[in-house]
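So the sequence shown is numbered by my numbering: it starts at 11 and just counts up by one.
Even glycine gets a Cβ: it sits at the ideal position worked out from N, Cα and C.
Let me begin by presenting the structure, written as structure tokens, before commenting on it.
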Amino acid sequence: MILAQITETLAIGDRQPLTLIGGPCVIESEDFTLKMAESIAKIVDRLGIQYIFKSSFDKANRTSIDSFRGPSLETGLKILQRVKDEIGLPVLTDIHESHQAVPVADVADILQIPAFLCRQTDLLLAAASTGRAINVKKGQFLAPWDMKNVVQKLKAGGATNILLTERGTSFGYNTLVVDFRSIPQMRQLGYPVVFDATHSVQIPGGQGNRSGGQREYAPVLARAAAAVGIDALFMEIHADPDRALSDGPNAIPLAQLEAVLRPILRLHESLNASLNEAPTTVTIPSMSDDPPQSMSGSPASHPNNLHDRLSRVELLALDIDGVLTDGGLYYNDRGEQMKKFNAKDGMGIKLAQKAGIDIAIVSASSAPATRYRAKTLGIAHVFVGVEDKLATLQSLCETLEIDRSQVAYIGDDTNDLPALQWVGCPLTVANAMSANRDAAVYVTQKRGGEGAVREICDLLLSVRASASNL
């Protein structure tokens, strides 16, 4: 696949990290646009998703003559320039006429061709001649294989960085459906494919003088597209969709964005990992839409690909109860707490240590059995009776002089969430709390205390072995 190089540091396609293209449908005001850009940027930073801000200076194809179209070309571009300068984001905006291409290219990193205009030769050539990346929305009336003619026009105009977007197909009047076969069919043209989740649930002209939409289905279609295999996700996002000046009925509420994106990101990473010949034991966590718990601090500087995350691990930190044990509470006749450990987990830890991976235990429990098990396994970093696991991990990283992107942590309960959200490689077990599964990049097939740690150790060793054979 030909990569679309958007900026010096952001590329789309060929198993690159997932990219979100998103923002309000139209530029409603300068202040609102800047606040939205900043808010979305913070969310994607936490998730480690590449991000391109999207908003239109003019919506020339509104249903009604009375509908709000935008602030104008000149004003809109000034606002988008502020998004670039002050928020530090690349931007995308659409053009409707050939004369708009050059001034828009002075600001926008990507010029977008609306679906209704995807066959307009002069518009395509004008956009291509600017040297900017081009995103073309596939017309609702067009077969996916017919996009080859669009690509040929762009290439004839000199374009090299091309994106093709699926945004639904007309199915009778006022109705769109998505044929997911179009995604691999368009990818066969050799260019990255974007899925527009919000316009795919639009009901064109469905409210008489404006379009309707079914935003509740956008996350569902987005997850399906991620499972099929996309290079970027397009979503229109609004702080209050019911009051949006354009396309509110199909927009994603800002407050729900992080919960919507998390399962999509996991699907994308899992698919990339399997295509990169990662171990076949990778399972996709549950698709809970519950928003994750928030935490303080900036995002970890780690790659998005699961295989790459695992390859960087120098420290494997473990909870005890529910991870190295089955989570059960056992007492002898003297009231002393006992714990049941799995011999296979112990062997996995020994093998990981032999490969040079440091092991740490970070547990809220202070039972003597924990220290005894750690001693028999030769684990030097043992922290028991810990209330703040995140602070303990941060301190240990400073002592070992390693970055958090080099840390994997396995935790199964909610008190592990801050640590899971901080480390570069968050992991959990099959019977973990749903919030932990949402936060993890890998969920074991084994349950805690039943070989889950051995499964992860084998995975780490497999990744290291594959790297050494390169």
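- By the Cβ test, the region 274 to 283 is not in contact with the region 84 to 99, since fewer than three Cβ pairs between them sit closer than 8 angstroms.
- Cβ-Cβ distances below 6 angstroms link T454 to V439, A440, A462 and E465 in the same chain, with the five nearest sequence neighbours on each side left out; the list follows chain order.
- Here W432 is buried. Its C-beta has 16 or more other C-beta atoms within 10 Å.
- Here Q198 is exposed. Its C-beta has fewer than 16 other C-beta atoms within 10 Å.
- L186 is positioned such that its CB atom lies no closer than 8 angstroms to that of P154.
- Within the DSSP secondary-structure output, Q212 pairs in a beta bridge with G223.
- For L243 against A207, the beta-carbon gap comes to about 6 angstroms, under 8 angstroms, which counts as contact.
- Collapsing the DSSP output to three states places Q266 in a helix.
- The residue from A429, M348, I240 and I367 with its alpha-carbon nearest to that of L403 is A429.
- With a 10 Å radius around the Cβ and a threshold of 16 neighbouring Cβ atoms, K349 comes out buried.
- Nearest Cα to N184 within the set T409, C435 and T73: T73.
- Judged by DSSP secondary structure, N446 falls within the alpha helix (DSSP H) whose first and last residues are S444 to A449.
- In this model, N352 and G421 are separated by some 17 angstroms (Cα to Cα).
- When S221, G182 and F190 are compared, the shortest CA-CA separation from F78 is found for S221.
- Approximately 7 angstroms separates the beta-carbon atoms of S82 and F67; this is inside 8 angstroms, confirming the contact.
- Taking a 10 Å sphere around the C-beta of R344, we find fewer than 16 other C-beta atoms and assign the residue as exposed.
- DSSP lists E246 as the beta-bridge partner residues of G33.
- Contact annotation: L267 and I50 have beta-carbon atoms nearer than 8 angstroms.
- Judged by their CB atoms, G182 and D336 are not nearer to each other than the 8 angstroms cut-off.
- If you ignore the 5 residues before and after K163, its C-beta comes within less than 8 angstroms of the C-beta of T131, L134, L135 and A138, all in its own chain and listed in chain order.
- The region 42 to 60 makes contact with the region 94 to 102; the number of CB pairs closer than 8 angstroms reaches 3 or more.
- By the criterion of a C-beta distance shorter than 6 angstroms, N260 is surrounded in its chain by T208, V211, Q212, G223 and R225, once the five residues flanking it on both sides are discounted.
- When the Cα atoms are used, V451 and H248 turn out to be separated by approximately 28 angstroms.
- Burial of N145 is indicated by the presence of at least 16 other C-beta atoms within 10 angstroms of its C-beta.
- In this structure, I31 places its C-beta atom within 8 angstroms of the C-beta atom of V204.
- The criterion of a C-beta distance shorter than 8 angstroms is not satisfied by A365 and L437.
- The continuous beta strand (DSSP E) containing T175 extends over residues I172 to E176.
- In the structure shown, A235 falls within a helical segment according to DSSP collapsed to helix, strand and coil.
- Looking at the backbone, the Cα of A235 and that of R25 are separated by about 15 angstroms.
- With fewer than 16 other CB atoms across the displayed protein chains lying within 10 angstroms of its CB, N342 is exposed.
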